[in-house]
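Letter by letter, the sequence shown follows residues 129 to 572 of the working numbering.
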Amino acid sequence: MSLALRTLPSLLTDCVLVGHEKRADVLWTPRQWFAMCIHMLNENVANFFLKLYRDENGQPKFSKAFKHDVTKWIEWSWRSITGKAEALVAIGFYPTNAERKSRWAAMDFDAHDGNTARARDFALKAFAFLYQQPQLYVVLATSAGDLQRTGYHLFVFSREFYPCEDWTLLLKQVAAQIGAPIEDGICEIFPNEFRGIGKALRAPGTWNPKTGDCGLILHETLTQCVTALLSGEDKESSALYLLGEPRGKGHASSPSRELFRRERREWATKFAITSPSTRHAQLLKLVGTAFFQVSPEIARESAQLQYREASPAPVATLQEHLQEFDKAWSGMHGEWKAKLSPAEREKFEHLTTEGERDAFRILRNWSHTDSPDFYASCESLSHRLGISVGGASKLRRKFCKIRILWQTAPYVPNKFCARFKWFASEEPKRHQAALISQERWMRV
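See below:
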């Protein structure tokens, strides 16, 4: 289904009250607001959002999240709305994803020059226009709580994803119909025609670090959409999925929330595309490093971010970029597998899941040290595989049981990780007491 206006601009035929401003926590339940935020995340990775806060000098700060988890920041933003947070923050989202699609868009009518009447007039006209579209859900909000010095944010939501280009065209048509020039300080649209990730926008009703108060909601039709999503039974629309809540502590495949890109985003800078005609070479460098350190899924997400953060924007499409990634990864895997010893190959072939095979590759790489044994942190392994710490611990225990690893030193709480020897190449005879000792360590 295409994203298109289904009616011509006209006066509303039903009665809609606009102007009774309400705080987000008065209008929505926490679950509804959380579901809206996860909907706005557009199925991006958990650290793909904008943080808004004030620094130690009280100055507003806006920065892309790199290490923070989206669910924790959503919770913090909600506590800021309700007045329960000691330090106030807000969260913003990008109207795009790896496929350059979005489930929402927005128009920002500014009043930086003090002309709040103009901003309100444009916002109400745009709202009246989009409100008539049955396939869309709208939220009209102020950007601050002081109605004498506020701008207006008009959010438009859909249940399905649409190309960013379609959203941009839709908002340009609305701006043309109401006579609003698309320029900074008057009317901005999200997404715009910028090829990269573009700008993010604060979620409706959040705290404004510039003014120190929260935006207010004038009118919304989103609740019916969110309620439908919360009541869905499939994974993609269930409340647990939308809210990012764990499905059980023992779930071995529960995802690790933060995309692994090394400390301080080392990969983001080391493999950044910062000049023309370097995309392919930088992609190959990323694959050459990531192959030995993470699962192919996490490496592919890093490649997506590499493409989206490229400046200048690459000539190749994202699909071409990812096709080249898949080809390079497959080639690396063939070369790596050919170098396994017969004993290693036999154990590798008997592994039953892709997660186990990825762990085999990563742990084998860790074993290449000058020391006879090596550290194998469950937390680090979980980040690299995109699974829970408990899941990584189970994998490590299984590898010891089937003699891929041999534990040489136990875990010492708050001091040392457990140490292991790579045992897949050969299996020397060990005393039974050593096996019993290893099993005892592995229960930690």
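Ideal Cβ positions, reconstructed from N, Cα and C, are used throughout, including at glycine. Keep in mind that this is a model prediction, so the values were computed, not measured.
Next item on the list: Ignoring anything shorter than 4 residues or poking outside the stretch 177 to 261, list the alpha helix (DSSP H) runs there in chain order.
Entry: 198 to 210 and 244 to 259
Notebook entry, point to check: Looking at C-alpha atoms only, which residue of K549, I314 and N185 is the closest neighbour of S495?
Noted result: K549
Checklist line | Local Cβ density within 10 Å of Y440, reported as buried at 16 or more and exposed below that | finding: One point to set straight first is that residue 440 is Pro, not Tyr, in the sequence displayed. An exposed status is given to P440, since fewer than 16 other beta-carbon atoms sit within 10 Å of its beta-carbon.
Note to self: Please return the same chain residues whose Cβ sits closer than 8 angstroms to the Cβ of D241, not counting the five positions on each side in sequence.
What the structure shows: Cβ neighbours of D241 beyond the five flanking positions: G313.
Margin query: Taking the beta carbon of D486 as the centre, do at least 16 other beta carbons fall within 10 Å, making it buried, or is it exposed?
Written below: That one is buried.
Next item on the list: Would you mind giving the Cβ-Cβ distance between P223 and W295, rounded to the nearest angstrom? I have them listed as a contact below 8 angstroms.
Entry: 7 angstroms
Next item on the list: Please state whether DSSP places L523 in a helix, a strand or coil.
Entry: helix
Checklist line | Buried/exposed call for V415, threshold 16 Cβ in 10 Å | finding: buried
Check: Would a C-beta distance cut-off of 8 angstroms place L533 and F544 closer than the cut-off?
Finding: no
Next item on the list: Just mark E184 as buried or exposed, buried being the case when its beta carbon has 16 or more other beta carbons within 10 Å.
Entry: exposed
Next item on the list: For T270, name the three-state secondary structure that DSSP assigns.
Entry: strand
Margin query: Let's test the definition: count the other Cβ atoms within 10 Å of the Cβ of A438 and tell me whether it reaches 16, buried, or not, exposed.
Written below: buried
Note to self: For P332, count the other beta carbons within 10 Å of its own beta carbon; 16 or more makes it buried, fewer makes it exposed. Which is it?
What the structure shows: Looking at its Cβ environment, which holds 16 or more other Cβ atoms inside 10 Å, P332 is buried.
Note to self: Quick check: the Cα distance between T270 and K179, rounded to an integer number of angstroms?
What the structure shows: Those two C-alpha atoms are separated by around 19 angstroms.
Item checked: DSSP state of L509 mapped onto helix, strand, coil -> helix
Next item on the list: Decide if the stretch 166 to 179 is in contact with the stretch 234 to 250; the criterion is three or more beta carbon pairs, one per stretch, under 8 angstroms apart.
Entry: Under the Cβ criterion (8 angstroms, minimum of three pairs), the stretch 166 to 179 does not count as touching the stretch 234 to 250.
Notebook entry, point to check: Skipping 5 residues on each side, what residues in its chain have a beta carbon closer than 8 angstroms to that of L258?
Noted result: Close CB contacts of L258 within its chain, under the 8 angstroms cut and outside five residues either way in sequence, are with L264, V266, L282, V284 and V302 (chain order).
Next item on the list: Name, in chain order, the residues that DSSP records as bridge partners for I317.
Entry: M235
Check: Are the stretch 315 to 322 and the stretch 217 to 231 touching, with three or more C-beta to C-beta distances below 8 angstroms?
Finding: Cβ pair count under 8 angstroms is three or more, so yes.
Notebook entry, point to check: In whole angstroms, what separates the C-alpha of S286 from that of W457?
Noted result: 35 angstroms
Notebook entry, point to check: What's the C-alpha gap between K189 and W204?
Noted result: Rounded to whole angstroms, K189 to W204 spans 16 angstroms at the Cα level.
Next item on the list: Output the distance between the C-alpha atoms of S505 and F488, rounded to the nearest integer angstrom.
Entry: 14 angstroms
Next item on the list: Let me know if S516 comes out buried or exposed under the rule of 16 or more other beta-carbons within 10 Å of its beta-carbon.
Entry: buried
Margin query: What does the alpha-carbon distance come out to for the pair L450 and Q535?
Written below: 38 angstroms
Check: With 16 as the cutoff for other CB atoms within 10 Å, does K475 come out buried or exposed?
Finding: buried
Next item on the list: Sort S553, A546 and T339 by Cα distance to K467 and report the nearest one.
Entry: S553
Check: Which first and last residues belong to the alpha helix (DSSP H) in which H449 is found?
Finding: Segment L446 to A466, the alpha helix (DSSP H) holding H449.
Check: What residues in its chain sit with their C-beta under 6 angstroms from that of K253, if we drop five residues either side in the sequence?
Finding: I306
Check: If we count the other Cβ atoms within 10 Å of its Cβ and call it buried at 16 or more, is G279 buried or exposed?
Finding: buried
Notebook entry, point to check: So L412 is in the alpha helix (DSSP H); what residue range does that whole segment cover?
Noted result: R407 to A418
Note to self: Ignoring anything shorter than 4 residues, give me the alpha helix (DSSP H) runs that lie fully in the stretch 280 to 314, in order along the chain.
What the structure shows: 292 to 306
Next item on the list: Would you please state the rounded distance, in angstroms, between the beta carbons of D501 and R531? I believe it to be under 8 angstroms.
Entry: Not confirmed; about 15 angstroms, so no contact.
Margin query: Are the CB atoms of L446 and R228 within a distance shorter than 8 angstroms?
Written below: Taking 8 angstroms as the cut-off, the beta carbon of R228 is found closer than this to the beta carbon of L446.
Next item on the list: Measure the alpha-carbon distance for D153 versus A272 and round it to whole angstroms.
Entry: 15 angstroms
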